[in-house]
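Engineer: In this text, residue positions in the sequence shown follow the working numbering: the first is 3, and each later residue adds one. C-beta atoms are modelled at their ideal positions from N, C-alpha and C, and glycine is treated no differently. Encoded as structure tokens, here's the structure I'll be asking about.
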Amino acid sequence: MNIKVTGHSPQQPPTTGTAGKPDVSAQAGRQSSDQTQTAKDTIKLSVSGSVLQRAHAAIDRTPVVDVQQVNTLHKSIASGNYQVDANRVAEKLIQFERNLA
3 MNIKVTGHSP QQPPTTGTAG KPDVSAQAGR QSSDQTQTAK DTIKLSVSGS
53 VLQRAHAAID RTPVVDVQQV NTLHKSIASG NYQVDANRVA EKLIQFERNL
103 A
């Protein structure tokens with residue numbers, strides 16, 4: 003979950019010092035106060051937002067493939083012990099087709 007927060011105040015016209023030239027010290031002071039305000043900006047997620055964020059992180063850590071199950075099946079196939087139940091495969095295919103309709 004990416005959240006971009008931008009917070010800045012509208013830019014004010016530069017103040018002028020002597021002879022109509024911009025007053026650099028006043029601008030520097032305003033910039034440092036803007037930076038201080040930006041440093042204080044915070045975000046607080048709601049309870050449901052926090053729960054969703056933790057759930058998303060847990061899903062990201064979960065492997066897509068059960069490696070242990072794959073290894074077990076691989077060994078069974080390699081040893082010739084893996085048996086396919088044709089009736090079960092047919093039933094699952096029919097169930098899948100019915101769910102598509």
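#1: Give the straight-line distance between the Cα atoms of GLY82 and LEU95, rounded to the nearest whole angstrom.
#2: From GLN70 to GLU93, what distance separates their C-alpha atoms?
#3: What's the C-alpha gap between ILE79 and ASP87?
#4: Rounded to whole angstroms, what's the CA-CA distance from GLU99 to ARG90? Just pull it up for me.
#5: Can you give the Cα-Cα distance for TYR84 and ASN101, rounded to whole angstroms?
#6: How big is the Cα-Cα spacing for LYS77 and ASP68?
Structural biologist: Checking against the coordinates, here is how it stands:
#1: 25 Å
#2: 26 Å
#3: 14 Å
#4: 14 Å
#5: 28 Å
#6: 15 Å
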